[in-house]
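Protein chains in written order, with my numbering: chain A, 2 to 327; chain B, 4 to 216.
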């Protein structure tokens, strides 16, 4: 298309600023005093990366395309495990079994196995977007049905968690977009994000709702936009890492939901922030973040818009203050 | 404009036709007087001029086979659709892809970034003309509809929805209003170069599915 330039004196000049701007610039900047982590490493992950997890071996497992890619802690690729369907999420159990969420099924790689066993689909509407593995159970976050599926280790579906149940006082998960995540906390409770309600919820493995925290606000202590957080991770001490889209930021909360610190703000993910949650990145992915933590407390953040893995470590002065705070 | 039906581009207005008057004197041809030459020459020029007018008409007819439209994936919500259209109220309107919408309680296309409360108070609304209606469906879901009589196409709601949500709100040129100017005043200054010509039988660039995740 030809773009014509305006001639001087012909009509109004184009506006230099947008009088209808949607301004969240105030929240795009994060108070440096709140940022307790610094970037220590960055490397490019596989194309189409969606979710990542850190295994007990401290290696990084990334669900991307129809594979799970394995990287060491320095970001060196070590191999991959192939599937015959898109890998949406990944988790590794303590014994080395690898659980991969496909669209509507869970695939299991036994330790050192190259071929997966795929469990039966619970239904057509199932859209798995997160996986967590415990000693006796495997949990799959089903965005399509707005529940967390509980399986035993043999693949038998034994429960559904988080669905609306007035008798058990469970209001239900609200998912405007498919970003349900689940993590198994060391305290034995599941942590599930409820993006439409801007909350993190704690459930027993039987499905009782125990703890709820989080509030909607663009301010740093809350969850911004229409539907956040989009993913969770657990730090070694039990603190909870949340990731948000729209204003891409990663933060740490205490186990009771008290805001602790910022891992990375929107300035760390400029391309993600520019595209926005509703846009499509050049790689065809939606712009969101996923995080995982290793045993040393380093936080790995996957930016799906760029497929970059950002590795953050706690600043020494922040670690010192944290040790002496309580 | 070249097309399979019109392989040759029509002549633009004022373009002179190729000289067809090139009499070659021969024995069988009587000599042409100066008066005859001028009369035939004017007649030929008139025919050529008519051809030019016809060509212009064809060009305009050809232009009507295409409409201006906004590619929602290129739109950067610069606000110029509201200020640059030759119509007093822009022909660009916000449209809503309900299949993509999350029916959010806190719709970032409806509420300003820091609302006092999640209600329909004017101070909480993002739209400068209150062109979005919010209707309760069931807890916690709300439906949002665009009042096109009020919408000025500023794209503020589109930015809110695209930044945080699924991008179900987006801008389109409404052809019941658009004059389909040959040189669209908005397209000339579109910051995202999002305006393009589309065939009249496919006049809208609709969003039907959310981006993959």
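Beta carbons are placed, not taken as given, at the ideal position from N, Cα and C, and that holds for glycine.
Can you give me the C-alpha to C-alpha distance between residue 269(A) and residue 239(A), rounded to a whole angstrom?
For the purposes of this step, residue 269(A) is identified with residue 268 of the first chain, where counting begins at 1. For the purposes of this step, residue 239(A) is identified with residue 238 of the first chain, where counting begins at 1. Spanning the two alpha carbons is a distance of roughly 25 Å.
Step through the CB atoms of chain B and report whether any lies within less than 8 Å of the CB of residue 262(A).
Translated into positions along the first chain, residue 262(A) becomes position 261. Taking Cβ atoms only, chain B never reaches closer than 8 Å to residue 262(A), which makes this a no.
Checking the sheet assignment: what are the DSSP bridge partners for residue 120(B)?
Numbered from its first residue, the second chain carries residue 120(B) at position 117. According to DSSP, residue 120(B) bridges with nothing at all.
Put residue 25(A) into one of helix, strand or coil per three-state DSSP.
Position 24 of the first chain, counted from the first residue, corresponds to residue 25(A). Residue 25(A) falls in the coil class under three-state DSSP.
Partners in chain A for residue 109(B), counting only beta-carbon separations shorter than 7 Å:
Here residue 109(B) is taken as the residue at index 106 of the second chain, counted from 1. Correct list: 217, 227.
Using a Cβ-Cβ cut-off of less than 8 Å, give me the residues of the segment 159-175 of chain B that come near chain A, in sequence order.
159, 162, 163, 164, 165, 166, 167, 168, 169, 170, 171
Assumed close pair residue 90(A), residue 102(A) - CB separation to whole angstroms, cut-off 8 Å:
In the first chain, the residue the question calls residue 90(A) occupies position 89. In the first chain, the residue the question calls residue 102(A) occupies position 101. Contact flag correct, Cβ pair sits at about 4 Å.
Between which residues of its own chain and residue 99(A) is the CB-CB distance below 6 Å, once the five residues before and five after are set aside?
Here residue 99(A) is taken as the residue at index 98 of the first chain, counted from 1. Here the set comprises 93, 110.
If you draw a straight line from the C-alpha of residue 57(B) to the C-alpha of residue 182(B), how long is it?
The residue labelled residue 57(B) in the question sits at position 54 within the second chain. The residue labelled residue 182(B) in the question sits at position 179 within the second chain. With a pLDDT of only 38 at residue 57(B), under the threshold of 50, the placement of this residue in the model should not be trusted; the figure read from the coordinates follows. Each residue's Cα considered, the two are about 22 Å apart.
Residues that residue 280(A) contacts on chain C, provided the C-beta gap is smaller than 9 Å:
This model lacks chain C altogether, as its protein chains are A and B.
What residues from the segment 132-162 of chain B come within 7 Å of chain A, judged by C-beta to C-beta, listed N to C?
143, 157, 158, 159, 162
If you pair each beta-carbon of the segment 116-134 of chain A with each one of the segment 143-156 of chain A, do three or more pairs fall below 8 Å?
yes
Report buried or exposed for residue 235(A), applying the criterion of at least 16 other Cβ atoms within 10 angstroms of its Cβ.
Against the first chain, residue 235(A) aligns to sequence position 234. Its Cβ being crowded by 16 or more others within 10 Å, residue 235(A) is buried.
Under the three-state reduction of DSSP, which class applies to residue 146(B): helix, strand or coil?
Position 143 of the second chain, counted from the first residue, corresponds to residue 146(B). Looking at residue 146(B) - three-state DSSP - the assignment turns out to be strand.
Measuring CB atoms only, is the segment 208-227 of chain A touching the segment 133-153 of chain B, in the sense that at least three cross pairs come out at less than 8 Å?
no
Would you mind working out which of 262(A), 297(A), 85(A), 241(A) sits nearest residue 291(A), comparing C-alpha positions?
Locating residue 291(A) in the first chain gives position 290, where the first residue counts as 1. Nearest C-alpha to residue 291(A): 241(A).
CB contact flag (residue 77(B), residue 195(B), <8 Å)
On the second chain, residue 77(B) is found 74 positions in, with the first residue counted as 1. On the second chain, residue 195(B) is found 192 positions in, with the first residue counted as 1. Their beta carbons are under 8 Å apart, which means residue 77(B) touches residue 195(B) by this criterion.
Please specify which runs of the beta strand (DSSP E), each continuous and at least 3 residues long, are wholly inside the segment 226-289 of chain A, giving them in chain order.
232-235, 241-245, 250-254, 260-265
Residues in the same chain with beta-carbon distance under 8 Å from residue 68(A), minus the five sequence neighbours each way, listed in chain order, please.
Locating residue 68(A) in the first chain gives position 67, where the first residue counts as 1. Only 47, 81, 82, 83, 84, 88 meet the Cβ criterion.
Just verifying my parser: in three-state terms, what is the DSSP assignment at residue 97(B)?
Here residue 97(B) corresponds to residue number 94 of the second chain, with the count starting at 1. Here residue 97(B) sits in strand by DSSP.
Measure how close the beta-carbons of residue 253(A) and residue 244(A) come, nearest whole angstrom, since I'm counting them as under 8 Å.
Stepping through the first chain from its first residue, residue 253(A) is reached at position 252. Stepping through the first chain from its first residue, residue 244(A) is reached at position 243. With a Cβ gap of about 11 Å, residue 253(A) and residue 244(A) do not count as contacting.
Contact belief for residue 41(A) with residue 313(A) at Cβ below 8 Å, rounded distance in angstroms:
The residue you call residue 41(A) lines up with position 40 of the first chain. The residue you call residue 313(A) lines up with position 312 of the first chain. That pair is a contact at about 7 Å.
Hey, does residue 137(A) have any beta-carbon neighbour from chain B nearer than 8 Å?
Taking the first residue of the first chain as 1, we reach residue 137(A) at position 136. By this cut-off, residue 137(A) is not an interface position.
DSSP beta-bridge partners for residue 200(A)?
As a working note, residue 200(A) is residue 199 in the first chain. Answer by DSSP bridge pairing, in chain order: 195(A).
Can you name, in chain order, every residue of its own chain whose Cβ lies under 8 Å from the Cβ of residue 276(A), other than the five neighbours on each side?
On the first chain, residue 276(A) is found 275 positions in, with the first residue counted as 1. Around residue 276(A): 282, 288, 306.
Residues of the segment 77-101 of chain B whose Cβ lies closer than 9 Å to any Cβ of chain A, in chain order:
80, 81, 82, 83, 85, 86, 87
Distance between beta carbons of residue 127(B) and residue 134(B), contact taken as under 8 Å:
Numbered from its first residue, the second chain carries residue 134(B) at position 131. Numbered from its first residue, the second chain carries residue 127(B) at position 124. Wrong, their Cβ atoms sit about 15 Å apart, outside the cutoff.
Taking only beta-carbon atoms, is residue 116(B) less than 8 Å away from chain A?
For the purposes of this step, residue 116(B) is taken as residue 113 along the second chain, with counting starting at 1. Closer than 8 Å to some Cβ of chain A, the Cβ of residue 116(B) qualifies, so yes.
Could you say if the segment 84-102 of chain B and the segment 154-172 of chain B meet the contact criterion of at least three C-beta pairs nearer than 8 Å?
yes
Quick one: which chain B residues come within Cβ less than 7 Å of residue 19(A)?
Looking up residue 19(A) in the first chain gives position 18. Chain B residues near residue 19(A): 81, 82.
Any beta carbon of chain A sitting closer than 8 Å to that of residue 105(B)?
Locating residue 105(B) in the second chain gives position 102, where the first residue counts as 1. At least one chain A Cβ lies under 8 Å of residue 105(B).
Identity of the residues DSSP links to residue 78(A) by a beta bridge
Start at 1 with the first residue of the first chain, and residue 78(A) comes out as number 77. DSSP output for residue 78(A) lists 72(A) as bridge partner(s).
Among 179(B), 129(B), 132(B), 144(B), which residue has its Cα nearest to the Cα of residue 206(B)?
Mapped onto the second chain, residue 206(B) falls at position 203. That would be 179(B), whose Cα lies nearest to the Cα of residue 206(B).
Nearest-angstrom Cα separation, counted from residue 116(A) out to residue 199(B)
Here the question's residue 199(B) lines up with position 196 in the second chain. Here the question's residue 116(A) lines up with position 115 in the first chain. Their backbone Cα atoms lie some 49 Å apart in a straight line.
Any idea which residues DSSP pairs residue 303(A) with across the strands?
Taking the first chain and counting its residues from 1, one reaches residue 303(A) at position 302. Answer by DSSP bridge pairing, in chain order: 291(A), 310(A).
Please report the straight-line C-alpha distance between residue 114(A) and residue 97(A), rounded to a whole angstrom.
Within the first chain, the letter at position 113 stands for residue 114(A). Within the first chain, the letter at position 96 stands for residue 97(A). Going from the Cα of residue 114(A) to the Cα of residue 97(A) covers about 10 Å.
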